[in-house]
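Peer 1: Note that the sequence shown covers residues 1 to 262 in full-length UniProt numbering.
The beta-carbon is built from N, C-alpha and C at its ideal position, and this holds for glycine as well.
Mind having a look at this structure? Questions to follow.
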Amino acid sequence: MHMLEMEARAWASCHKFPLIEVWRGLRENCPWAQKGAENSVAAYRFGPGHAAAAAAEVWPLFDPGHCRSLAEALDQPRPHVQLQGALQEGNVQVEAFAYLLDRVCRRGVGDIFRRFVDLGSGRGLAVLIAHALFPFRDCVGVEICKEFNDSARSLAKRYADTGLAKFSKAKKKLDPTSMFVEGDLRDFDWSDASVAFANCVTWPVTLVAAMARKALRLRVGAVLLTSKRFPNDVMRGFDFRGEACMGDWTPYAVELWAYQRI
Numbered sequence: 001m002h003m004l005e006m007e008a009r010a011w012a013s014c015h016k017f018p019l020i021e022v023w024r025g026l027r028e029n030c031p032w033a034q035k036g037a038e039n040s041v042a043a044y045r046f047g048p049g050h051a052a053a054a055a056a057e058v059w060p061l062f063d064p065g066h067c068r069s070l071a072e073a074l075d076q077p078r079p080h081v082q083l084q085g086a087l088q089e090g091n092v093q094v095e096a097f098a099y100l101l102d103r104v105c106r107r108g109v110g111d112i113f114r115r116f117v118d119l120g121s122g123r124g125l126a127v128l129i130a131h132a133l134f135p136f137r138d139c140v141g142v143e144i145c146k147e148f149n150d151s152a153r154s155l156a157k158r159y160a161d162t163g164l165a166k167f168s169k170a171k172k173k174l175d176p177t178s179m180f181v182e183g184d185l186r187d188f189d190w191s192d193a194s195v196a197f198a199n200c201v202t203w204p205v206t207l208v209a210a211m212a213r214k215a216l217r218l219r220v221g222a223v224l225l226t227s228k229r230f231p232n233d234v235m236r237g238f239d240f241r242g243e244a245c246m247g248d249w250t251p252y253a254v255e256l257w258a259y260q261r262i
């Protein structure tokens, strides 16, 4: 299978294909496989797959060395907060999320680097990754928990103090106060986002439904990344595919849904 993949890559590169979709694992029409798709590991094997660059393509879009330095700078203790219900913290792994954004943005259509929005941004890692490594004109995170929002602003200050912010790809100057907004997602307007991310594993059904309705206001080409399936009846105006990313709350790849407005 490995040699077949390499031959396919070589053929595609010779024919000037800029992007190759690689599906590793079996694609079986079996009930147990469909049921297993609810599990992140099974879903990664049987559903999502991921993109790989052709040999002639510059990949990744960001500097891996800068990404590693960012991961080291952001590796700080969590705030001590007593959380209940939907208010649970789970952080993306810096390098894994960077490669996820790389895959999403290179597939992007139109103005994909207009604005990155993290819905429920927690400690702000996803926002800082987007700001440091990609040329978004604006990056913002929305978080209802004050302690997490304060922690995100502290991490942004550390990001600046290490000097990494000087090499940022983002078009907007780092401003922790405006970058991290404390508030309720239901009151926040993110209709101008070109890429939005929602780590919504613990969200209640009502909040998921509310965010799905808000997603209908996204512009054509915008991408919404979610760690929970959104209601099919609301998301009919979206194309979708599977994705995956590593997080700090599980040793396994976490299934993500990439919804693109059409």
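1) From this set, A222, L225, G120, R186, which residue's C-alpha is nearest residue 290's C-alpha?
2) For D239, which residues does DSSP report across the bridge?
3) State the beta-bridge partners of F188 as determined by DSSP.
4) Under a three-way DSSP split, which group does Y44 fall into?
5) Quick one, which of P204, P60, F188, D75 has its alpha-carbon nearest L133's?
6) Contact check, D118 vs A126 under 8 Å by CB: the rounded distance?
7) Is it buried or exposed, C14, if we count other Cβ atoms within 10 angstroms and call 16 or more buried?
8) Could you tell me the distance, in whole angstroms, from the CA atom of A253 to the CA atom of E243?
9) Out of C145, K172, D184, state which residue places its alpha-carbon closest to the alpha-carbon of E89.
10) Thinking F180 and A156 are a contact (beta carbons under 8 Å), I'd like their distance in whole angstroms, please.
11) Based on Cα-Cα distance, which residue from R123, R68, R241 lies nearest to V104?
12) Do the region 183 to 197 and the region 223 to 238 make contact, defined as three or more Cβ pairs closer than 8 Å?
13) By the three-class DSSP mapping on this structure, what secondary structure does A73 have?
14) Using 10 angstroms around the beta-carbon of A8, count the other beta-carbons present and answer buried if the total reaches 16, otherwise exposed.
15) Closest to V234 by CA distance: which of G221, T250, Y259 is it?
16) Output the residue ranges of the alpha helix (DSSP H) runs that lie fully inside the UniProt domain "DOT1" (115 to 232) and measure 4 residues or longer, sorted by chain position.
17) Under 8 Å, with one C-beta from each stretch per pair, do the region 94 to 110 and the region 61 to 69 reach the 3-pair mark?
18) Return the chain-ordered list of same chain residues with a C-beta closer than 8 Å to the C-beta of residue 270, the five sequence neighbours on each side being excluded.
19) Based on the DSSP secondary-structure assignment, which residues constitute the bridge partners of A10?
20) For V109, which of helix, strand or coil comes out of DSSP?
21) Just the C-alpha distance for D175 and W11, rounded to the nearest angstrom, thanks.
Peer 2: Based on what the coordinates show:
1) The shown model of the chain, from 1 to 262, leaves out residue 290, and the question about it has no answer.
2) Answer is Q260.
3) Beta-bridge annotation (DSSP): F188 is not paired with any residue.
4) The predicted model places Y44 with a pLDDT of 41, which falls under 50 and marks its position as unreliable; any figure quoted below should be read in that light. Shown here, Y44 sits in a helix according to DSSP, grouped into three states.
5) Of the candidates P204, P60, F188, D75, the one whose C-alpha sits nearest the C-alpha of L133 is P60.
6) Correct: roughly 5 Å between the Cβ atoms.
7) The residue is exposed, with fewer than 16 neighbouring Cβ atoms inside 10 Å.
8) Rounded to whole angstroms, the gap between the alpha carbons of A253 and E243 is 10 Å.
9) Of the candidates C145, K172, D184, the one whose C-alpha sits nearest the C-alpha of E89 is C145.
10) Yes, they are in contact, since the Cβ atoms of F180 and A156 sit about 7 Å apart, within 8 Å.
11) The closest CA to that of V104, considering only R123, R68, R241, is found on R241.
12) Contact between the region 183 to 197 and the region 223 to 238 is present, because at least three Cβ pairs lie under 8 Å.
13) Here A73 sits in helix by DSSP.
14) Residue environment for A8: exposed (fewer than 16 other C-beta atoms within 10 angstroms of its C-beta).
15) Ranking the options by Cα distance to V234, first place goes to Y259.
16) Runs of the alpha helix (DSSP H) lying entirely within the UniProt domain "DOT1" (115 to 232), each at least 4 residues long, are 125 to 133, 146 to 161, 176 to 179, 205 to 215 in chain order.
17) Under the three-pair Cβ rule at 8 Å, the region 94 to 110 counts as touching the region 61 to 69.
18) No answer is possible for residue 270: the residues shown for the chain start at 1 and end at 262.
19) Residue pairing for A10: DSSP places it in no beta bridge.
20) Note: V109 maps to coil in three-state DSSP.
21) Cα to Cα, D175 sits roughly 46 Å from W11.
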